[in-house]
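First to last, the protein sequences are chains A and B.
Under numbering that gives the first Met the number 0, the first residue of the first sequence is numbered 0, with each subsequent residue one higher.
Under numbering that gives the first Met the number 0, the first residue of the second sequence is numbered 0, with each subsequent residue one higher.
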Amino acid sequence: MMAEFDTPTAIMLAAQKAHDAGYRVMDAYTPFPIEEVTEAIGFHRKHNKVALACLIGGLLGGSGGYLLACSAAAIWYPLNIAGRPFIPWPMFIPVTFESTILIAGLSAALGMLAMNGLPSPYHPVFNVPGFSLATNNKFFLCIEARDPKYDESAVTEFLNSLNPTEVTRVEG
Amino acid sequence: MSAFQETEVREARPTTTGYIDPSFVPMIAPHHTFNSITEKISDIVLEMGTPKWWFGAMLVGASFIVVLVFALTVLVFKGIGIWGNNQPTAWAWAITNFVWWIGIGHAGTLISAILFLLKQEWRNSINRFSEAMTIFAVMCAGMFPIFHTGRPWLAYWLFPLPNTMGVWPQFKSPLVWDVFAVSTYFTLSLVYWYLGMVPDFGTLRDRAKKPILQKIYGFVSLGWRGSSRHWSRYETAYLLLAGLCTPLVLSVHSVVSMDFAVGIVPGWHSTIFPPYFVAGAVYSGFALVLTLVIPARRLFDLKDFITQRHIDNMSKVMLAMGLVVGYSYVFEAFFALVYAGNKYEHFMMVNRMFGPYAPFYWTLILCNVVTPQFLWWRKIRNNTVVLFLLTIVVNIGMWLERFEIIAVSLTRDFLPSSWGYFKPTIFDMMTFAGTLGFFLTMMLLFMRGMPMIPMYELKMILPASRPQGHPEQGSFEEEVVSA
C-alpha cells in the first residue's frame, strides 16, 4: 500500500510512526535524499555497504596497479638502464595511485548500482497513478505485503491515519 | 550535503545607489518550489523546443569538426611533418593544446567534488555544467597525445596489454603515468557525471510526453524510482566519488606537469611544476566555466539558479588562482635568475623575457597576472559582459603560458648549436580550432538533451526540503547516526 505526502516533514513523521507501529518491510520514495526518512524506515549506516565495496576496490586497484608495474618492470620486460633498480617504488607511485582511485571509484559506483538493484526498468510502484511525481515534488511511503505484520485493511487504516494526500494499492 | 545548510537570513537589499551586494543574493531565487525547479529545468529539455540560435551555433561547431577531421586525416596520412614541429621543438602546439584542455577540465571536478566536500551549496547549480565541460575538455585533450605519436594506429602500445611482441610500457615514464592518469580521470569524471544525472533522468522520464523520449530517458535513468534506501547508497557513492576525484584532479595535472618536470631542459626541470600547473589548471578552468555559464544563463533564462552570487564566487576563485599563478611566475623567475646559480636556467628566463618570443611572454604576463587584478573590484566581478571578455583573455594567457613552457624552452636549450625556432603551420591551427569546435558541439548537445542543472540538488537547497521537528528519542531501535 502506498501513501502520498506533500512535504518532507509529513513523510518523515509518517515513516517514524510506521516504524514504531512495527512495520519493517517498507520504503519511502522521494525526489531528493532525506536522511531523516531513511533512518526512520530502519535503514541505518551500517546497512549501507557501498563504502566497503569502495575500500575493497581501492585495495585491489592499488595492489593490482603496483603489481602490474613491478611485474612488467622486473619480470616481463626488464630493461637494464645504467644499472638502475628494476623496481624503483617512488616511480611507481603515480601508477599505483591512479589505479587505486580508478578501481575504488568504479567499485563505489557499480557497487552502489548493484546493491540498489539498478538498472531495474520495471517495478510495481510505477503502476501507482501519480507516482511520476515522486521524482518531482511528492513523497511516497510504501508498506509492502511481504512485511510479516501486513494486513491489508489494517495497513490501509494505518496509512490513512497519517494524513496522506492519497492512499493507493500497488498492483504487480 | 544536508546538515550544514545555511538559511538566507540576510536580505538582498539594494544600497542607496541601487547596487545589490552579491554575497547577499540567495543561491536560488526565493519564489521557487520543488515543482517550479523541476518545470523550469526539465522544460528546457522537453518542452521548449530547440532555440534558433542553437542551430546557428551547431553549424559553427559542426563546421569546425569537419576542419578537425580533415586536419587529422591529413596528419594520419602524411605524418607530423605537416605541423610546425622540428628539432629542437619536438613538442609544440599538440602538447600545449593537450595540457591546456586537461587544465580546463580540472575546474569542473573542483566545482563538483572539492566544493561538494567543502559543503559549498552554491556549487549545486553549476556542478553538472562544469562536469560536462570537464568530460568534453578531456575528450579534446586526449586526441592530442594519440595523434601526436606519429603512428596513432599504434597508440594502444601505451596501454599495459599483454601482446605477442612481449613488449610492455615503461612504467617509470611520466608518459605512461599520463595514460593512467588521464584514463582514470576521464572514466571517473564520466561515471561521476552520469551518476549525478540518474535521478534527473528519472525526472525527465516521468515528465516526457513522447514515447521515444520516455524510452530513452527511461533507459538512461536505470529505473530510478527515488527509493530512500537507494538514495542513501547513492549519497554514499556520490560522497566517495567526490572524495576520490579530489586527489585525482590534483594528481592528474601533477602527472601531466611531470611530463616536463622530469626532463632536464631548462624551463622544464623544475619542482615547482606540479602545484604550478594545478593552480594554472584551476585558473583557466574557472575562466572557461564563466565563459560558458555567462551566455548559457542568459540564453536559457537560468538567472534564478545561477545567480549573481555564483558569478561573484567563481570570479573570486579565479582571482585567487590568478594570484597563485602570478606568485608562481615570480618565484620561477626568482629561482632561475637569482637563486639557482645555474647559467642555463638564468638564460632560459632571460630568453623568455627578451628573446625571439618576448612578445608572447609579456602578453601572457598581461593576460594572466594583470588582467585578473581587475577582479578585485566588485563592479567588474558583477559586470557579466566584462567578465566574459576577461575570462577569454585569461584563457588565451594560459594557452600562451603552456606554449611558453613547452615550445619556447625547447627552442633554446643547452647548446646554441641545437637552437631553433618554431612557427605553427595551418594544420596546427586547424587541429586546435577543430577541437574548439568539437567542444562547442558537445556542450550544445549536452545543453539541449540533458538537464544541465541538477534538479534534485537544487531542491535540497530550498529550506522546504528540510523536515521540521526532530526524531523522538527512543523511537529507533539502533543508535541514530547523525548526518
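Idealized CB from N, CA, C, for every residue including glycine.
From a predicted model like this one, the values you see are computed outputs, not experimental measurements.
query: What's the call for A/R83, buried or exposed, on a 16-neighbour Cβ count within 10 Å?
result: exposed
query: Who are the near neighbours of A/M111 in its chain, counting only those whose CB is closer than 6 Å to its CB and skipping five residues on each side?
result: V49
- prompt: Considering only residues of the region 236–292 of chain B, which uninterrupted alpha helix (DSSP H) runs meet the minimum length of 4 residues and lie entirely inside it, listed in chain order?
  reply: none
- prompt: Any idea if A/P123 is buried or exposed, counting beta-carbon neighbours within 10 angstroms, 16 or more meaning buried?
  reply: exposed
- prompt: Does B/S227 get closer than 7 Å to chain A when you measure Cβ to Cβ?
  reply: yes
message: What does the Cβ neighbour count give for B/P29, buried or exposed, with the cut at 16 atoms within 10 Å?
response: exposed
task: Leaving aside the five residues before and after B/L336 along the sequence, list all residues of the same chain whose C-beta is less than 7 Å from its C-beta, in chain order.
output: H345, M348
message: Does the CB of A/P163 have a neighbour CB from chain B at under 7 Å?
response: no
message: Starting from A/Y28, trace the beta strand (DSSP E) in both directions and tell me its first and last residue.
response: 25–28
- request: Could you tell me how far apart the beta carbons of B/F63 and B/L435 are, in whole angstroms, since I believe they sit closer than 8 Å?
  value: 6 Å
- request: Write down every uninterrupted run of the beta strand (DSSP E) in the region 101–149 of chain A whose length is 3 residues or greater and which is fully enclosed by it, in chain order.
  value: 138–142
message: Going by DSSP, what residue range makes up the alpha helix (DSSP H) through B/T202?
response: 173–206
query: Within 10 angstroms of its Cβ, does B/W192 collect 16 or more other Cβ (buried), or is it exposed?
result: buried
- prompt: Taking C-alpha atoms, which residue in B/M449, B/L289, B/W99 lies nearest to B/N382?
  reply: B/L289
field: Residue from B/L249, B/F353, B/F373, B/G225 with nearest C-alpha to B/A180
entry: B/L249
field: Among B/M132, B/G325, B/K214, the one whose alpha carbon lies nearest that of B/L443
entry: B/M132
task: State the DSSP-derived secondary structure class of A/V166, mapped to helix, strand or coil.
output: strand
- request: Answer yes or no: does any C-beta atom of chain B fall closer than 7 Å to that of A/M26?
  value: Contrary to the premise, residue 26 of chain A reads as Asp rather than Met in this sequence. So yes, A/D26 belongs to the interface.
- prompt: So, is B/M47 buried or exposed, given that buried needs 16 or more other C-beta atoms within 10 angstroms?
  reply: exposed
Bridge partner(s) assigned by DSSP for A/E3: A/F139, A/E165
- prompt: Would B/D311 be called buried (16 or more neighbouring beta carbons within 10 Å of its own) or exposed?
  reply: buried
- prompt: Thinking C-beta only, is B/I81 closer than 7 Å to B/F500?
  reply: Nothing can be reported for residue 500 of chain B: it is not among the residues displayed for chain B, which extend from 0 to 482.
task: Just tell me which of B/D20, B/N162, B/T186 has its CA closest to the CA of B/G141.
output: B/T186
field: Beta carbon of B/A70 nearer than 7 Å to that of B/G433
entry: yes
task: Kindly indicate which residue of A/L140, A/Y121, A/I55, A/L66 has the alpha-carbon position closest to the one of A/D26.
output: A/L140
query: Smallest Cα separation from A/G61: which of A/L109, A/T99, A/S119, A/L51?
result: A/T99
query: Taking DSSP as the reference, what is the three-state secondary structure of B/S220?
result: coil
message: Can you give me the C-alpha to C-alpha distance between B/V197 and A/P163, rounded to a whole angstrom?
response: 28 Å
Beta-ladder partner(s) of B/S226, from DSSP: A/Y28
task: Consider the Cβ of A/W88: report whether some Cβ of chain B lies at a distance smaller than 7 Å.
output: no
- request: Could you check which residue in A/N136, A/A103, A/V127 has the C-alpha nearest to that of A/M1?
  value: A/V127
- prompt: Nearest to A/E143 by alpha carbon, out of A/I40, A/P7, A/T8, A/M11?
  reply: A/I40
field: Uninterrupted alpha helix (DSSP H) stretches inside the region 392–448 of chain B (no shorter than 4 residues)
entry: 425–448
query: Can you list, in chain order, the residues of the region 76–98 of chain B whose Cβ is nearer than 8 Å to any Cβ on chain A?
result: none
- prompt: When you compare only the Cα positions, how much space is there between A/V175 and A/Y22?
  reply: Within the shown structure, residues of chain A are numbered from 0 to 171, placing residue 175 of chain A beyond reach of any answer.
- prompt: Just curious, the alpha helix (DSSP H) that B/V323 is in, first and last residue?
  reply: 307–333
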